[in-house]
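The sequence shown begins at 866 in the numbering used here and counts up one residue at a time. For each residue, glycine too, the CB sits at the ideal point set by N, CA and C. Report on the following structure.
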Amino acid sequence: MDNPERARILQGMTQASDILIVGGGLNGPALALALAQTGHSVTVIDALAEKVRKNAAFDGRAYALALASQRLLDAIGVWDRVAEHAQPMLEIKVTDGHAGTGPSPFFMHFDHAEIEEGPMGYMVEDRHLRRAFLDAMAEAPRISQISGKTVVSQQADATEVTLTLDDGTTVGGGLLVGCDGRRSDTASRAGIKRTGWDYGQTALVCAIEHDLPHNGIAHQFFMPPGPLAILPLTGNRSSIVWSERTEAAARINAMSEEDYLQVLRPRFGDFLGDIRLAGDRFTYPLNLTIANSFISDRMALVGDAAHGMHPIAGQGLNAGLRDVGALAEVLTLAGRRGEDIGSVIVLERYQEWRRFDTASLAMATDVFNKLFSNDNPLLRLGRDIGMGIVGSLPGLRRGFVREAAGLTGDLPKLLQGRAI
Ligand SMILES: Cc1cc2nc3c(=O)[nH]c(=O)nc-3n(C[C@H](O)[C@H](O)[C@H](O)COP(=O)(O)OP(=O)(O)OC[C@H]3O[C@@H](n4cnc5c(N)ncnc54)[C@H](O)[C@@H]3O)c2cc1C
């Protein structure tokens, strides 16, 4: 939206855009691209230099992207840049297990063949996704990027929001969006408190090479200290997200490569043949953190800044991309009607759309983690019976497959693969 009035008002500042986004991780760039497509000028600020974020060894995660998230990436012109590195997820197997004893006979099996839309989703490594976002933003004329600078203060008044960066530069815009992750300073500077707790668990993350093909099957083993996810990557590789109690995780991570694999092997099992490390090892402390409000004066929160959750269901980024689709749609439609996109009345529509959904999802991951990350025999019996029931009822199973594909609920247009 070319806005000469805003440019005039903000002419004393270094930059003036319709929208300022703090955080150029994953959700920030996705939102910038979605908004630029509908005519908004956007400035994206990230504390890290671009070459750090583009470094292939920067982040070992790989994301299980639901089909709806893939549609959003396609709609904003990012999917073509990562498609060759994406592994379709065809089946999900969920098993209750113990290290060294193999999986219990109770498991749930979800197959993409139960829905017409195709794979439930795709596994994409962070190094490919992050680079694709940065390249796409660099080619978008309406997006300006400021990298290697930290936002140190923000101020909102009736018509604009002003950010001050750590080098003293000021940047102005009509709306501020905090995409600055779980410890969002954008939220705390706006006086927004958070609800949450630490899980006392840490995720050990790495890529594994194995002798046998995975056939596009994702596995989730529930072990007493926490879940172990084995997620298919391109080739004979899988990404593991292995949750352990924090002290145990620190001990395991400090081990030599061979000792690390020795601990992993009985948990992983031998269904993919012999396993080897296929890259660096990473650790992520796990917590739950939900912002008590997703909006404030001329400000909205998106992604982990609004809701950081347990990775047990691989839903964090998927939920963030739903926020992106919803906020881009709300702002674009409001702009077309001539409304002020930074006004509370407009931002409330976004909050109403997303807050209840994300808070419920985050709480569901919390309950799931607590229910499965323990060895209580009664809970174990209950959950095994529950899994047996879900697995044997086709209607319920299909519901889970649609949920995993992100096809349920009030889907923003971009997640349906439609333009706003
Ligand atoms: C082990 C693990 C596995 C996961 N697996 C999955 C999965 O399979 N599927 C899925 O959907 N989700 C998954 N997630 C969740 C997913 O990783 C997050 O939801 C996602 O990374 C959040 O992205 P974001 O852009 O909101 O925040 P971030 O990626 O945290 O980005 C925040 C950015 O803000 C910048 N920043 C912060 N403060 C400032 C400041 N003051 N000034 C300027 N810049 C600032 C930072 O430098 C950073 O680049 C997983 C999470 C974990 C921990």
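Residue i to residue j span [Cα, whole Å]
i       : j       : result
Gly1081 : Val917  : 31 angstroms
Asp1045 : Asp1124 : 36 angstroms
Ala899  : Arg1146 : 33 angstroms
Leu1184 : Asp1032 : Checking the sequence shown, residue 1184 turns out to be Ala, not Leu. One C-alpha to the other measures close to 33 angstroms.
Arg1132 : Ile941  : 39 angstroms
Glu1004 : Phe972  : 46 angstroms
Leu930  : Gly888  : 20 angstroms
Asn1239 : Ile1177 : 14 angstroms
Asn920  : Leu1030 : 24 angstroms
Leu875  : Leu1196 : In this prediction, Leu875 scores a pLDDT of 47, lower than 50, which makes its location untrustworthy; the coordinate-derived value is nonetheless stated afterwards. Roughly 21 angstroms between the two C-alpha positions.
Gly1309 : Ser1104 : Any property of residue 1309 remains undetermined from this structure, which presents the chain solely from 866 to 1285.
Asp991  : Leu1272 : 23 angstroms
Leu1126 : Ile1140 : 8 angstroms
Leu1198 : Leu932  : 25 angstroms
Phe1237 : Arg1116 : 23 angstroms
Pro1150 : Ala927  : 16 angstroms
Lys1235 : Pro1090 : 10 angstroms
Asp1275 : Ala1055 : 28 angstroms
Residue i - containing beta strand (DSSP E), residue span
i       : result
Ser1009 : Ile1008 to Ser1012
Met954  : Gln952 to Met954
Phe1086 : Ile1082 to Met1088
Arg1141 : Ile1140 to Leu1142
Met988  : Gly986 to Glu990
Val909  : Val907 to Asp911
Leu930  : Ala927 to Ala931
Classification of residue i by the beta-carbon crowding that lies within 10 angstroms, buried from 16 upward
i       : result
Leu1219 : The question names Leu, but residue 1219 in the sequence shown is Arg. Buried, by the Cβ-count rule.
Ser1049 : buried
Trp944  : buried
Met1088 : buried
Ala1001 : buried
Leu1258 : exposed
Leu1041 : buried
Gly877  : With a pLDDT of 49 at Gly877, under the threshold of 50, the predicted position of this residue should be treated as unreliable, and no value is reported.
Pro1097 : buried
Pro1277 : buried
Asp1304 : The structure shown does not extend to residue 1304, since the chain is modelled only from 866 through 1285, so no value can be given for it.
Ile1120 : In the sequence as presented, Ile is not what sits at residue 1120; that position holds Met. With fewer than 16 other Cβ atoms within 10 Å, it is exposed.
Phe1221 : exposed
Ile1095 : buried
Gln1216 : buried
Ala922  : exposed
Gly1247 : exposed
Ser934  : buried
Val1017 : exposed
Contact set for residue i: own chain, Cβ-Cβ below 6 angstroms, skip 5 residues either direction
i       : result
Ser1158 : Ile1057
Ser906  : Ser882, Asp883 and Arg1007
Asp1169 : Gly1046 and Arg1047
Glu1204 : Val1211
Phe1233 : Ile1177
Gly1207 : Gly1039, Leu1040 and Arg1163
Gly1181 : Met1174
Ala1021 : Asp1162 and Arg1163
Arg1187 : none
Phe1265 : Phe975
Val1106 : Ala1068, Val1070, Ala1094 and Pro1176
Counterpart residues of residue i in DSSP-defined beta bridges
i       : result
Leu1096 : Ser1104
Asp1063 : Asn1152
Lys1278 : Partner(s): none; Lys1278 has no beta bridge.
Cys1071 : Ile1105
Arg1040 : The residue asked about is misnamed: residue 1040 is Leu in this sequence, not Arg. Partner(s): Ile884.
Arg1110 : Gln1066
Opening and closing residue of the alpha helix (DSSP H) in which residue i lies
i       : result
Glu1123 : Glu1122 to Phe1133
Pro894  : Asn892 to Gln902
Ser1158 : Where Ser1158 is concerned, there is no enclosing alpha helix (DSSP H), given that its DSSP letter is neither H nor E.
Thr1015 : Counting along the chain, Thr1015 falls outside any alpha helix (DSSP H), and DSSP gives it neither H nor E.
Val1026 : First-last for Val1026: Val1026 to Leu1030, but that is the beta strand (DSSP E), not the alpha helix (DSSP H).
Leu1166 : No alpha helix (DSSP H) holds Leu1166; the beta strand (DSSP E) holding it covers Met1164 to Leu1166.
Asn1234 : Val1209 to Phe1237
Asp945  : Trp944 to Val947
Own chain partners of residue i with C-beta closer than 7 angstroms, once the 5 adjacent residues on each side are dropped
i       : result
Gly965  : At Gly965 the pLDDT is 49, less than 50, meaning the model places this residue with poor confidence and gives no usable figure here.
Ala1227 : Leu1153, Ile1155, His1172 and Met1174
Ala1114 : Thr1067, Leu1069 and Thr1148
Gly1061 : Asn1152, Leu1153, Thr1154 and Ile1155
Lys958  : Phe972, His974, Ile1082 and His1084
Pro953  : Pro984, Tyr987 and Gly1081
Cut-off 8 angstroms between Cβ atoms - residues of its own chain near residue i, not counting five sequence neighbours on either side
i       : result
Ala914  : Ser1012 and Gly1013
Ala1143 : Cys1071, Ala1072, Ile1073, Glu1074 and Arg1102
Arg1263 : Glu979 and Ile980
CB contact below 8 angstroms: residue i versus chain B
i       : result
Glu1004 : Absent here is chain B; the protein component of the structure consists of one chain.
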